[in-house]
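Under our numbering, think of the first position of the sequence shown as 48, with each following residue one higher. Positions of the beta carbon are idealized from the N, C-alpha and C atoms, including for glycine. To keep things clear, I will list the structure first and then write my remarks on it.
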Amino acid sequence: MAASEISATHSQGAANRRPEFAHSAGSGDWLIDVWVQPGASRNEPAGLFQGRLKLKLSAPAVENKANKALVKYVARLLGLKQRDVELVKGHTCRAKTLAIASNSEPAWDRLVPGDNG
């Protein structure tokens with residue numbers, strides 16, 4: 048195998064590596080741990096915080112608005128339907144866990160732009 052092929056194979060493997068905030072929960076199910084910063088100027092990923100994916104959300108943390116915005120935003124980033132993303136833990140705090148239903152492992156790099164492992 049040529050050096051360029053080895054490099055390309057290694058890079059591809061790194062891109063598919065599961066990040067620390069994502070966990071398999073069985074056949075077609077995934078859990079992701081997130082840290083939410085509501086009331087931000089815009090929706091955007093903001094790296095990692097305490098082993099969780101940090102997401103800034105423009106929605107305020109009142110009347111469940113930030114939780115609804117979180118589900119919608121993560122579904123959009125992963126190219127899934129909103130019904131495939133569910134908030135399962137952390138309804139009233141910033142540390143949250145989302146359940147993801149997907150037939151294949153989601154493209155985690157869509158949640159952390161510029162992260163190549």
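- Contact between L95 and V81 does not hold, since the beta-carbon distance rounds to 10 angstroms and is not under 8 angstroms.
- Looking at the DSSP output, D76 shares a beta bridge with A148.
- For R89, the closest of Q97, L102, L78 by C-alpha to C-alpha distance is L102.
- Taking L134 as reference, the option from E152, N114, D156 with the minimal CA-CA separation is N114.
- According to the DSSP assignment, R157 belongs to no alpha helix (DSSP H), since it is labelled neither H nor E.
- Distances from the CA of A106 to each of I147, K119, G73 were compared; the closest alpha carbon is that of K119.
- Secondary structure within the segment 65 to 146: the alpha helix (DSSP H) runs of 4 or more consecutive residues, fully enclosed, are 112 to 125 (chain order).
- A Cβ-Cβ separation of about 25 angstroms leaves A87 out of contact with W77 under the 8 angstroms criterion.
- Judged by their CB atoms, G75 and N150 are nearer to each other than the 8 angstroms cut-off.
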